[in-house]
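Residue numbers (this note's numbering), protein chains in the order written: chain A, 14 to 116; chain B, 163 to 659; chain C, 732 to 1213; chain D, 26 to 662.
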Amino acid sequence: MEIPMIYYIVLSLVMFFAGVYGFITRKNMLMMLISIELMLNAVDINFAVFNRFLFPGQMEGMIFSIFAIAIAAAETAIAIAIIINIYRHIRNIDADNLDDMKY
Amino acid sequence: MNFLSLFVLIPILMMAGLAIARDMKQIRTVAVTFSTLQLGLAIYTVIKYLAERAAGNTQEMLFQASTMWYEPLNIHYAVGVDGISIIMLLLTAIIVFAGVFASWKIEPLSKEFFLWLTLLSIGVYGFFISIDLFTMFMFYEVALIPMYLLIGVWGSGKKNYSAMKLTLMLMGGSALLMLGIIGIYYHSAPEGGTLTMNILEIARNNAIPHEWQYYLFPLTFVGFGILGAMFPFHTWSPDGHASAPTAVSMLHAGVLMKLGGYGCFRVAIYLMPFAAQELSWIFLILTGISVVYGAFSACVQTDLKYINAYSSVSHCGLVLFAILMLNNTAMTGAVMQMLSHGLMTALFFALIGMIYGRTHTRDIREMGGLMQIMPFLSVCYVIAGLASLGLPGLSGFVAEMTIFVGSFQHTDTFHRVFTIVACCSIVITAVYILRVVGKLLYGAVQNEHHRELTDATWWERLSAVTLIVCVAAIGCLPGWISDLISNSLNAIVERLS
Amino acid sequence: MDLSQYYLIWEYMQPELLLLVATILLFFVDLFASPRFLDKWFSGIACVLLAAVTALSCIPGSETHTLFAGMFVNTPMTTAMKMVLNIGTILVLLQAHEWVNSEACRVRRGEFYELIFFTLFGMYLMISSGHFLIFFIGLETASLPIAALVAYNKQGDKSHESGAKYLFNAVFSSAIFLMGISFIYGISGSLYFDDIATAAATDTALFVVALAFIITGIGFKLSLVPFHLWTADVYQGGPTAVTAYLSVISKGAAAFAFIWVLFKTFSPAPEVWQGILYVLIILTITLGNLFAVRQKDLKRFLAFSSISQAGYIMLGVMAYSAQGLTALVYYILVYIFSNLAAFGVIATIEHKTGKVGMDDYNGLYKTNPKLSLAMMLAMFSLAGIPPFAGFFSKFFIFASAVHSGYYILVFIALLNTIISLYYYLLVVKAMFINENENPIETIKTGCYGRTGLVVCVAGILLLGLASCVYGYLSGLSLTVGI
Amino acid sequence: MEYTLFILVLPLAMFLLLGLLDSKLKPRVAGILGTLGMTVCTALAYFTAFQFFTQPRNAEGVIPSQVPYNFEWLRFTEYLHIDLGIYLDPISVMMLVVITTISLMVHIYSLGYMHGEKGFQRYYAFLSLFSMSMLGLVVATNIFQMYIFWELVGVSSYLLIGFYYTKPAAIAASKKAFIVTRFADLGFLIGILILSFFTKTFDFATLTANPSAIITESAGATFLGCSVASWALALIFMGGAGKSAMFPLHIWLPDAMEGPTPVSALIHAATMVVAGVYLVARLFPVYCVTPEVLELITTVGAITALYAAIVACVQTDIKRVLAFSTISQIAFMIVALGVASDTDLHTGLGYMASMFHLFTHAMFKALLFLGAGAIIHAVHSNEMSEMGGLRKYMPITHITFLIACLAIAGIPPFSGFFSKDEILTAVIEKSTFWGIWMTAVAGLTAFYMFRLYFRIFWWKDTDCSHHTPHEAPATMTMPLIFLALVTCVAGFIPFGELVSVNGQPYHIHLNWSVATTSIIVAVCAIALAAWLYLKENNKPTAMANTTRTLHTAAYRRFYIDEIYLFVTHKIIFGLICRPIAWFDRHIIDGTMDMFAHVTQWISARIKGLQSGSIQGYVWILIMGTLLIATLTICCCL
């Protein structure tokens, strides 16, 4: 039995907003990074699903999601580097501690 | 190249000369040379203009020249003068000339002072020779911004506050103006025609729709009116003038405020005659208030510069008031008042600066009996005062009378009643002028330390005498100026009927 | 296999490929040259390379080239935009010289230049894209290295914080941006700009949501309110050269890219995005100004000023006309010169004394008249005072917006210029008017920095008076056909 | 008669010469130069008068008026323009003679009186300026030229009153004089504006040729129940009333006595103060078309005459007494004009009488002032209490002063008798009430003049222990003698032949019943004065004590000054100027500052947005995005 498209869409939206929620609430920066991954993956699902269900004759969405995954990896790499740098400075990776500059 | 461009070019050369000048002597030499040159050019322009008119040239603007500048927007560097502009150019040249002498000993950073002053004069000259809205507006702002530093660096009292207030308020005016000018530009030609910034072409096209004039007229009028110290946007003036150094007050009150009046009719009224007629009553009330209000306020001030600043509010209010009467005589009077007020207020500020430079106070309660100590300055002050209160034979009288007679010729009773209200200012003017003269110059010497002070030096005398001679010359022989102006106004007035 | 195809690609992608070549060359120089040679010449080589890229590709053909089935579009206008960015980047490199070659940064010097070049490449892609994939790759190429650059001062106490703030915001907004693209894809079935315009149903809620998401993604880079909050912190904490780069080049590129996305992809529904931008512009200008008013740190101050400038830039987008496009490109060009002049002065002083507070600048004119004059010109130009270039750019961008009927919007923007004038004057006041017991000592600017400043000042003075620049851009925008 | 131009140009040249060179000239040279200039001027004026009055009359028996000069000075509209010119008709020529004569006398007199004063050159410069302005005023061809010179005489008067500029009283007086007259001039100006608006001309000849133009042109226009024509003429009269110190605009004149005494003689007795009379006379045909304004003029004049006479009776400063006497006498002229209701020779008798009195009054009042100057010069005080018994020490002054007193009291054969008699005749013919009133005033005049005379020259035999008063030098006595002679003979000039309401010759014949009455009244008054003041006694004090309230009130000039002070200081300054200044600083300025403060305030309030936390930023970002999406969906779909 074919699962209708809407289920995938709901799933991706839930993932996306779970990611948003996680990003906003989690203090640990690694957790925030993971939330971002959740959001990006939700997008990938979207692309794949739209391609598969609505425009089955082409591969544009699929290709796009592959690129997106690759770039997400790059993002993570840089993020980790920066997080390490932060850890070196302040000996923890809580996002709350990064508010020296404000107003 | 058109010789009018020299008006802008000479100050630019002057700035270059100042930039390479090394000591005070060289700075003075450069400043005097170029400002004299400029004065000569202004006089030459007047003569050439008169000759051209006498030769039967009936063009609206003479010596026109136009160079394409920004082609996509059809912006030209376009210059041309009529009788009103050349009068204003002459005024500027005279005041700059006198101003150079009045700031003979400016300290510190004298070079920078003259540089800024010259930049200011570039703006003013450029404004008066432009007939393209864009360049006109550009020069207008060029003239405004040096004020900030001139007041901020060389000023006195609460100069930071005053400089900031003045700059922001005037720039607020120019913000309105910018919108107005852009709006005019986009309605400058009938549907399908080429849009233009050229004032004469816009007037010829006469394409600004009436409903748009209702918006654009107030924008431009208020925009310029702020510089013309129209009530209730005049409040930059007292503080600004009080804090500014001598030559800057002279130039600002003498010339810059005239930019407002000039712009009001060159742009607002000339280009939008319909709205001018429909909406003039609103601004007439405001300017009428300016006239009386400024005079009353001046009566109780104790700082010399405040007195003069409020008196400028009153006199410049009269300029705008007369412009709004929309008839030839009153507008002629307005231009004459610009000229006359420019000269005499410059004289006032020059004298106040000289007095302040000696006594280090501008509070009339702390001074007295200066007539015994510095007779020359005091006599000049009395003459300036008499000019200001409209003594026949000096310029103030002819200007005010032309305004009153002209305004009273208006067919509408409302306008005539308002003219009578404005007339009352001549009495109040007398009150505050005589109050100052009485307290400051006459009577016993208030402060014994003042007895050691000296009278004017030669450069101060030169500065004051130049202005007095002009004031008296206009007051005694007003006919030719009046004719010059009123002939040039015909074109504007014709559009109003 | 036809070699002429390669030649075609070379010809059509000239700026990008030249830049790539330059990057690789730079990489090799960095790798193999002796350290003493590099100390002396590396910055110079980088600048010369970039200048060469600019010179070689600055003669755009008159026709439009498309590659990769329309995914990549190079038009005269895009080339012009790239050249504008190049000029800015060269100036940034000139100003960065002293800092990059200082003791602390010398070892990582090569990274700085290469990352800059890479981001520039990403921006090229963004501007030239005809497909969201290219656009996305360009966007990420342009923003991820910047995060590394912002965190470049490893030992600095604020750099890491800035880096984190930039990166997390960037990643988050790019996720939202991607979501927007996926919706668009879902609606239209294509990621080509032109196809989307024809295929998408504009009156669905999904379309609007997608539009909002995409605006968020690009608005982040432009630092439009309410996506602007990272700006100030990142500008303040990052190295000054990087801040300068962020504030002009990155912003400029985003604006250019934004134009193409909106003008091409969303051309069926201009009133929708114009409505959104209407509100965003008012918010951006006003909030930027309101925050700028009370800043004491000059870099933070310029951050907020750049936020409000972004609002003015968007007026050109609002206009949605050839005139608006011209005005926008011109505005950014002028903005590059003005802002970089300011950053040049700040960078010099910060490098020599470590001071960036506005109070530190009190009495600067007495000791450093030339720097003060450059800073003052920059401030006047940013505030839009004639006869400096900023006046002309502001006038033209307002004129373009008014031409499209946005009187009220322009009026609000104009009122805001008064506030902006106030805070720009505060800087002028500090330098010229305020007294200071111990002002910053007289600084001798290095020759790179001086060159950069001189070029900026010359640009400020001449760009407005020389109408040919605007005329040239205007000619190019007419070929775009909006 | 082109040379008449020099009558104006000469004093102007003198003014510029003396004013510009100022202290570079020796005082003596300056004085002599000024006097010489004035002498030539006087000669020219006399010659003009001679030529003018001896020219043949035209068919109606009128001496034709002449306009030797008239050029356009400033053009307003096609029909309104200010011309500067010279208009010679009987009254202007008569005024030329009066002004030049008095001015010359004052010039000569001042050589002695002002000798050694600081600013001697300046003094002569101002005198020349004044002479020029006054001459320009009387020969004005149009009302605006008159206004111009009107202002100029005001300023000269201001400068001369404030000549002793270190004296606070002088400064205050000069300011007061200028501002009060300026206020009146405002009325004049508005009057001119209204008049010219309807008649389309400033020109006197045109105005008087068709006097009813103002009525016909402004038909129907009314304001507060009076026709606009009446308003215009009343306002113009207001200008005249200000200059001529009519009640209630008289307050500046007594204070103006702070100026040097010769100045008082010239400006504040003989010439400038009669400008108002002259103005009404100039426009007389126009006034005739608005009888209500003439009635106003009569009433104002009559009240002023009585008021000033009463006040003069109790003043102790001799110059003040003379000042009030001047006010009172000018009021006589004004009343005379007011009762002349027509341009007919008979009913217009007042016109001639007024001009006649102007002429004679100028002479004897100048004489009185110059005499007073000599006395002050001798005793160094203005106060009566410092004087008495001076007849022995200053015989010439005494005799000339007596002649003047007799003249002003209306005792024949001195000039005042003739002119005053004509006035009383004219008044009585118009209205018995005003006739009795004015006769009473004439009696009062005789009383206070002789009070003055007796107090100065008799009262006590001075014991001038500290210093002996002495007769003035010749430069001062010569003018006295000359003016006394004129006063003696002026009454016999056939004035009516030369000046009359319509220009036709009028034979003056005394109305003996009026004359007798007035002589009797005058003699009684003189007798009363002699009884009270001939010898030192305490009768005056006793009388003052019995009528204390009235006496004090009169001495304080019925508190008019105080009312003015109240109005200007409390109301104008306190209730208008200060509140406006406050309003400006706090409301208008405050509003502008408020914009700045509000901006700063908002800026400070919203700083929390920039919280510094990554998650806060992202929260705002996502919320912003969603809000935009929602709003757009709501608005667009």
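Don't be surprised by glycine CBs; every beta carbon is placed ideally from N, CA and C.
Predicted, not measured: the structure shown is a model, and the values here were computed from it.
Report the neighbours of residue i on chain D: residues whose CB is nearer than 8 angstroms to its CB, in chain order.
i                 : result
MET331 of chain B : MET617
PRO957 of chain C : ILE645, LEU646, MET648, GLY649
Indicate the three-state DSSP secondary structure (helix, strand or coil) for residue i in the structure shown.
i                 : result
SER954 of chain C : coil
ARG100 of chain D : strand
LYS528 of chain D : A quick correction: the sequence has Gly, not Lys, at residue 528 of chain D. Residue state, collapsed to three classes: coil.
SER765 of chain C : coil
HIS132 of chain D : helix
CYS251 of chain D : strand
Can you check whether the C-beta of residue i is within less than 8 angstroms of a C-beta belonging to chain C?
i                 : result
TRP231 of chain B : yes
PRO380 of chain B : no
ALA86 of chain A  : no
LEU24 of chain A  : no
GLY633 of chain D : no
What residues from chain A crowd round residue i, counting only those whose CB sits closer than 8 angstroms?
i                 : result
MET910 of chain C : PHE29, MET52, ALA55, VAL56, ASN59
For residue i, go through chain A and note every residue whose CB falls closer than 7 angstroms to its CB, in chain order.
i                 : result
GLY649 of chain D : Simply none; closest approach about 13 angstroms.
TRP644 of chain D : ILE37
Quick one: is residue i near chain A, going by C-beta distance under 8 angstroms?
i                 : result
GLU892 of chain C : yes
ILE868 of chain C : yes
LYS896 of chain C : yes
So the candidates are the options; which of them puts its Cα closest to the Cα of residue i?
i                  : options                                   : result
VAL1185 of chain C : C:ASP761, C:LEU1146, C:LYS1101, C:ALA1144 : C:LYS1101
ASP11 of chain D   : D:ARG345, D:ASP108, D:ILE116              : In the structure as shown, chain D starts at 26 and stops at 662, and residue 11 of chain D therefore has no counterpart that could be examined.
ALA835 of chain C  : C:LEU1157, C:VAL752, C:TYR883, C:ALA928   : C:TYR883
LEU41 of chain D   : D:LEU30, D:LEU58, D:THR657                : D:LEU58
LEU389 of chain B  : B:LEU295, B:MET500, B:LEU466              : B:MET500
ALA471 of chain D  : D:THR624, D:SER289, D:LEU331              : D:LEU331
Less than 8 angstroms between CB atoms is the rule here; does residue i satisfy it with respect to chain B?
i                 : result
VAL779 of chain C : no
HIS862 of chain C : no
Please list, in chain order, the chain C residues whose beta carbon lies closer than 7 angstroms to that of residue i.
i                : result
GLY74 of chain A : TYR916
Mind checking if residue i is an interface residue toward chain D, Cβ cutoff 8 angstroms exclusive?
i                  : result
LEU1157 of chain C : no
VAL1087 of chain C : no
PHE570 of chain B  : yes
LEU111 of chain A  : yes
What residues of chain B sit near residue i, judged by a beta carbon separation below 8 angstroms?
i                 : result
ILE818 of chain C : Within chain B, no residue comes near ILE818 of chain C; the closest Cβ sits about 21 angstroms away, beyond 8 angstroms.
Residues of chain D with a CB under 7 angstroms from the CB of residue i: which are they?
i                  : result
ILE1150 of chain C : THR624
Quick one: which chain C residues come within Cβ less than 9 angstroms of residue i?
i                : result
ASN98 of chain A : ALA882, LYS885, SER890, HIS891, GLY894, ALA895
- prompt: At what residue ranges does the stretch 368 to 424 of chain D contain a whole run of the beta strand (DSSP E), taking only runs of 3 or more?
  reply: none
task: Jot down the residue ranges of each uninterrupted alpha helix (DSSP H) in the stretch 1016 to 1093 of chain C, minimum 4 residues, whole runs only, in chain order.
output: 1029 to 1050, 1053 to 1084
task: Go through the stretch 195 to 274 of chain B residue by residue and report every complete run of the alpha helix (DSSP H) that reaches 4 residues or more, in order.
output: 245 to 264
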